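Notes to accompany the following structure.
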Amino acid sequence: MIAYAIRRIALIIPTLFAIMVVNFVIVQAAPGGPVEQMISRLKGSTVSATERVSGGTGELQPQATGSDTRYRGARGLDPALIKELEKQYGFDKPPLDRFLLMMRNYITFDFGTSFFRDRRVVDLIKDKLPVSISIGLWITYLVSIPLGIKKAVRDGSRFDVWTSAVIIVAYAVPSFLFAVLLIVLFAGGSYFSIFPLRGLVSDNWSSLSWPMRIADYFWHIALPITALVISGFATLTMLTKNCFLEEINKQYVLTARSKGLTEHRVLYGHVFRNAMLLVVAAFPAALIGILFTGSLLIEVIFSLDGLGLLGFEAAINRDYPIMFATLYVFTLIGLLLKLISDLTYMLIDPRIDFAARRT
Numbered sequence: 066m067i068a069y070a071i072r073r074i075a076l077i078i079p080t081l082f083a084i085m086v087v088n089f090v091i092v093q094a095a096p097g098g099p100v101e102q103m104i105s106r107l108k109g110s111t112v113s114a115t116e117r118v119s120g121g122t123g124e125l126q127p128q129a130t131g132s133d134t135r136y137r138g139a140r141g142l143d144p145a146l147i148k149e150l151e152k153q154y155g156f157d158k159p160p161l162d163r164f165l166l167m168m169r170n171y172i173t174f175d176f177g178t179s180f181f182r183d184r185r186v187v188d189l190i191k192d193k194l195p196v197s198i199s200i201g202l203w204i205t206y207l208v209s210i211p212l213g214i215k216k217a218v219r220d221g222s223r224f225d226v227w228t229s230a231v232i233i234v235a236y237a238v239p240s241f242l243f244a245v246l247l248i249v250l251f252a253g254g255s256y257f258s259i260f261p262l263r264g265l266v267s268d269n270w271s272s273l274s275w276p277m278r279i280a281d282y283f284w285h286i287a288l289p290i291t292a293l294v295i296s297g298f299a300t301l302t303m304l305t306k307n308c309f310l311e312e313i314n315k316q317y318v319l320t321a322r323s324k325g326l327t328e329h330r331v332l333y334g335h336v337f338r339n340a341m342l343l344v345v346a347a348f349p350a351a352l353i354g355i356l357f358t359g360s361l362l363i364e365v366i367f368s369l370d371g372l373g374l375l376g377f378e379a380a381i382n383r384d385y386p387i388m389f390a391t392l393y394v395f396t397l398i399g400l401l402l403k404l405i406s407d408l409t410y411m412l413i414d415p416r417i418d419f420a421a422r423r424t
């Protein structure tokens with residue numbers, strides 16, 4: 066197992082590097098770079114994230130008019146100011162030099178400073194990460210796995226039928242639409258005003274006692290978590306149910322029951338380890354999906370300043386340090402989680418031996 070882990074860790078380095086190269090090249094080709102963004106702010110206008118502009122990559126590209134200005138909207142500005150902006154954002158260096166410098170800093174987790182927030186990127190990520198995790202994966206697994214096991218045990222019963230109907234409906238409803246419905250019903254929209262509409266904690270949270278802090282925290286995240294989990298738990302619940310059904314019908318389960326073992330011991334002492342292999346395999350992708358995309362609209366609707374909203378605003382504003390830092394961190398997390406899930410396979414089922422295979 067140790068040799069396999071070492072080989073996988075060694076493969077993480079070139080994989081991460083390749084992903085960063087591809088994304089760096091793609092981003093450089095996108096219109097409306099940070100220099101153009103700042104020029105538009107200085108002149109009181111905006112640059113569309115989808116509008117093709119001259120010099121959109123931040124490179125020096127002469128316009129067809131023959132003007133000395135090399136960025137759209139820069140006409141009339143002091144050339145020394147343009148040079149200063151290029152130096153400020155690092156565009157006074159060739160793309161290859163910028164990329165190599167970035168990767169050298171990223172090895173030590175030095176992500177630099179945000180172009181437009183004037184804060185260290187690592188501090189921004191630390192601030193936003195708890196928000197995204199709070200409305201993320203743990204509730205999904207906490208609800209889905211026990212529900213899937215119970216459905217498998219009571220397969221074909223009334224409980225199984227009506228919960229399957231609820232799951233199908235929940236899967237069909239987009240999370241952001243369900244979030245709007247929850248606001249209308251329970252957050253002062255039209256009916257009840259039970260839960261707060263925005264934020265993760267109350268303004269006086271720091272002055273509360275620890276039990277009240279915990280209660281206030283769960284009070285604020287009740288609606289966002291419900292909206293986010295309602296469609297996400299459907300797939301995991303059915304996956305858990307099907308995995309348990311397949312294992313329950315195997316010979317070793319009948320043998321365990323014939324020996325007089327309790328149903329709880331059979332399910333959690335024998336079936337659980339084998340049935341959870343596919344669920345463990347889905348964990349890395351589910352976590353990254355929640356952190357990158359799943360919570361964006363929920364964060365916007367409930368005014369939660371998390372990583373989804375941070376990444377979206379960084380992409381719109383072409384805040385490259387935040388864009389590349391979040392990509393780097395969560396790609397690294399995804400690769401490490403994949404390794405951990407493979408090692409967990411070996412702990413759950415000793416028959417699996419990745420070390421015997423060539424990576």
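Each number in the working numbering corresponds to the 1-based position in the sequence shown with 65 added. Ideal Cβ positions, reconstructed from N, Cα and C, are used throughout, including at glycine. None of these values were measured; they are calculated from a predicted model.
By the C-beta density criterion, K193 is buried, having at least 16 other C-beta atoms within 10 angstroms. In this structure A94 does not touch L404 by the C-beta definition: roughly 32 Å separates them, more than the 8 Å allowed. Per DSSP, reduced to three states, the secondary structure at S255 is coil, with no helix or strand assignment. Taking the CA atoms as reference points, Q316 sits about 27 Å from L408.
T173 sits in coil when the DSSP states are folded into three classes, being neither helix nor strand. About 5 Å separates the beta carbon of K306 from that of A217, a gap short enough to meet the 8 Å contact definition.
Going by C-alpha positions, D220 is about 12 Å away from E311.
About 5 Å separates the CB atoms of G371 and E364; that is less than 8 Å, so the two are in contact. The C-beta separation of V344 from I313 comes to about 15 Å, leaving the pair out of contact by the 8 Å criterion. A direct Cα-to-Cα measurement between A145 and Y385 gives close to 23 Å. For W227, the enclosing alpha helix (DSSP H) starts and ends at 223–237. By DSSP's assignment, R185 forms a beta bridge with T178. By the neighbour-count criterion, in which 16 or more other beta carbons inside 10 Å mark a residue as buried, N382 falls on the buried side. Between T291 and L247 a beta carbon distance of about 6 Å is seen, short of the 8 Å cut, so the two are scored as contacting. Pairing L262 with S368 gives a Cβ-Cβ distance under 9 Å. Taking C-beta atoms as the reference points, V318 and I190 fail to come closer than 9 Å. In the DSSP assignment, R263 falls outside any alpha helix (DSSP H), carrying neither H nor E. Assigned with DSSP and collapsed to three states, N307 falls in helix. In terms of CA proximity to W227, L212 leads the group I387, S323, L212, V186.
Rounded to the nearest whole angstrom, the C-alpha separation of I77 and A235 is 37 Å. The shortest C-alpha to C-alpha distance from F180 to any of T396, L397, F389, Y410 is the one to F389. In the three-state reduction of the DSSP assignment, S271 falls in the helix class, which pools H, G and I. Look at K324 here: in three-state DSSP terms it is coil, with no helix or strand label. When the five nearest sequence neighbours on each side are left out, the beta carbons in the same chain lying within less than 8 Å of the beta carbon of A287 are those of F260, in order along the chain. The same chain holds no residue with a CB closer than 6 Å to that of N269 once the five nearest residues on each side in sequence are set aside. The DSSP-derived three-state label of R73 is helix.
Judged by DSSP secondary structure, R338 falls within the alpha helix (DSSP H) whose first and last residues are 337–340. For N382, the enclosing alpha helix (DSSP H) stretches over residues 372–382. DSSP places L369 outside any alpha helix (DSSP H), giving it a letter other than H or E.
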